[in-house]
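Report on the structure given below.
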Amino acid sequence: MDPFVHETLSAKVDASLKGSVDACIEVFSKECCDEEIERLKKHNDVDLVAGIGGGKTMDTSKAVAHALKCPVAIIPTLASTDAPCTALSVIYTKTGEFSRYLELPQNPNLVLVDSEIIAHAPVRFLVSGMGDALATWFEGHSCFSTQSVNLNGQYMGNYTAYGVARLCYETIMTYGEVAKKACETQTTCPALERVIEANTLMSGLGAESCGLGAAHAIHNGLTALEETHSFTHGEKVAFGTQVGLFLTDGNPADIEKVYAFCENVGLPTTLADIGVTRATDDMLMKVALASTAEGETIHHESGVVLPKDVVSAIKAADAYGRSRKVK
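In the working numbering, the protein residues as written are 71 to 397.
See below:
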């Protein structure tokens, strides 16, 4: 259970479990890292791991359940990433830099989402989930074009998967702004329900079954800069999507649509928006080297992607975002 959830909901959770289930509640330490997984593994006499909270809490819960060889129930209190549904945990260092993907043998046994809880969560996290979901179609399309493998590392995605990825994109583009307004007033409505489904289920199915590309690799590279650590996964992925569009010679109409959407819902469109106010060439090269490391998903894009190409694309995406702010 993540700290905010523990503070606000632990009494309700305790009351609901009392007399029916023997439970040990642990508070998540805020980073999905090997040290945290090892700490939580000490509770080895359990029948089920239940993760309650946001994306990193979900990923940690899945990793712990895998280590303990027991089922996992995922109960997201935020619609901030597609972590709830995927057979994958993103592992970071304890200081917040991307480390690796932990591929899991199966998806969570149960995902339980209450839209009322999502509607009462901070709006930033719903928007962050849209930022993560924004990448699903563009990365899936790249994987389809280059016949790259999906997240299980063995197969190409099928047409159903690409259809889900496209529907994910169309859903957040159509309903994202209305869903944000609903969340701002802590109310549920069909638009919010659709965006919750896109952020969690569609994005998870699309990413896992189609594959990842530049956006998530650039997110991973951005975590090498301490300045970005206070920003969410989805916020960095959104900027990674913009960089990816410049890197891959994206359609100008798509670039315009993506930037306009991000501006309208409040996602980053410049380096400064993710904390990097004074980017040097050395800093950008650090990001680029991490983004293009062997095995990174940026290599699912067409052609050979070099670090210098990533640096140029970051500069172009940032410059375009800044130019729109002064209009």
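Just so it is clear, CB atoms sit at the ideal spot from N, CA and C, and this is done for glycine as well.
**Prompt:** Going by Cα to Cα distance, which pick from Lys100, Cys140, Asn179 and Ala189 is closest to Thr127?
**Reply:** Residue numbering aside, residue 127 sits at position 57 when the sequence shown is read from its first letter. The shortest Cα separation from Thr127 among Lys100, Cys140, Asn179 and Ala189 belongs to Lys100.
**Request:** Check the C-beta distance from Ser273 over to Thr206 and give it rounded, since I have them as a contact under 8 Å.
**Result:** Along the sequence shown, read from residue 1 onward, the residue named residue 273 stands at position 203. Along the sequence shown, read from residue 1 onward, the residue named residue 206 stands at position 136. About 5 Å separates the two Cβ atoms, so the contact holds.
**Prompt:** Taking the alpha helix (DSSP H) that Glu326 falls in, what are its first and last residues?
**Reply:** For this step, residue 326 is matched to residue 256 along the sequence shown. Taken as a continuous stretch (DSSP letters only), the alpha helix (DSSP H) holding Glu326 covers Pro322 to Val335.
**Prompt:** What first and last residue would you give for the alpha helix (DSSP H) that runs through Leu292?
**Reply:** On the sequence shown, residue 292 is found 222 positions in, with the first residue counted as 1. Run containing Leu292: Ala284 to Leu292, per the alpha helix (DSSP H) assignment.
**Message:** I need the DSSP call for Ser273, collapsed to helix, strand or coil.
**Reply:** For the purposes of this step, residue 273 is taken as residue 203 along the sequence shown, with counting starting at 1. Three-state DSSP puts Ser273 in a helix.
**Asked** Among all the DSSP beta bridges, which residues are the ones paired with Tyr162?
**Response** As a working mapping, residue 162 is identified with position 92 in the sequence shown. In DSSP, Tyr162 forms a bridge with Cys103 and Phe168.
**Item:** Cα-Cα separation between Asn177 and Ser393, rounded to whole angstroms
**Value:** Along the sequence shown, one-based indexing puts residue 177 at 107. Along the sequence shown, one-based indexing puts residue 393 at 323. Those two C-alpha atoms are separated by around 42 Å.
**Message:** At the level of alpha carbons, what is the spacing between Leu295 and Leu359?
**Reply:** For the purposes of this step, residue 295 is taken as residue 225 along the sequence shown, with counting starting at 1. For the purposes of this step, residue 359 is taken as residue 289 along the sequence shown, with counting starting at 1. Distance between the alpha carbons of Leu295 and Leu359: 12 Å.
**Stretch-stretch touch, CB-based, cutoff 8 Å, three pairs: the stretch 158 to 166 with the stretch 181 to 189** = no
**Prompt:** Whole-angstrom Cβ separation of Cys140 and Leu118, contact assumed at under 8 Å?
**Reply:** Counting from one through the sequence shown, the residue named residue 140 turns up at place 70. Counting from one through the sequence shown, the residue named residue 118 turns up at place 48. Going by Cβ atoms, the distance from Cys140 to Leu118 rounds to 6 Å, so yes, they are a contact pair.
**Message:** Suppose you measure from the CA of Leu196 to the CA of His303; what does that come to, to the nearest Å?
**Reply:** Locating residue 196 in the sequence shown gives position 126, where the first residue counts as 1. Locating residue 303 in the sequence shown gives position 233, where the first residue counts as 1. Looking at the two C-alpha atoms, the distance is approximately 12 Å.
**Request:** Below 6 Å CB to CB, which residues in the same chain sit around Leu144 once its five sequence neighbours on both sides are set aside?
**Result:** Start at 1 with the first residue of the sequence shown, and residue 144 comes out as number 74. Here residue 144 is Ile; the residue named in the question, Leu, does not match the sequence. So the list reads Gly121, Met128, Pro154, Pro178 and Val181, once near-sequence residues are dropped.
**Request:** Would you give the residue range spanned by the alpha helix (DSSP H) that Val234 belongs to?
**Result:** Locating residue 234 in the sequence shown gives position 164, counting from the first residue. Unbroken alpha helix (DSSP H) run through Val234: Tyr229 to Glu254.
**Asked** Between Asp388 and the rest of its own chain, which residues show a CB-CB distance below 6 Å, the 5 nearest in sequence each way excluded?
**Response** Here residue 388 refers to the residue found at position 318 of the sequence shown. For Asp388, where only same-chain residues beyond five positions count, the Cβ hits under 6 Å are Thr340 and Leu341.
**Asked** Mind checking Glu254: buried by the 16 CB within 10 Å criterion, or exposed?
**Response** For this step, residue 254 is matched to residue 184 along the sequence shown. Exposed, since its Cβ has fewer than 16 Cβ neighbours within 10 Å.
**Asked** Can you tell which of Asp92, Phe98, Ala93 and Ser86 has the C-alpha that lies nearest to the C-alpha of His76?
**Response** On the sequence shown, position 6 is the one that residue 76 refers to. Ranking the options by Cα distance to His76, first place goes to Phe98.
**Asked** Going by beta carbon distance, what residues of the same chain come within less than 8 Å of Cys94, once the five residues before and after it are set aside?
**Response** Translated into positions along the sequence shown, residue 94 becomes position 24. So the list reads His113 and Val116, once near-sequence residues are dropped.
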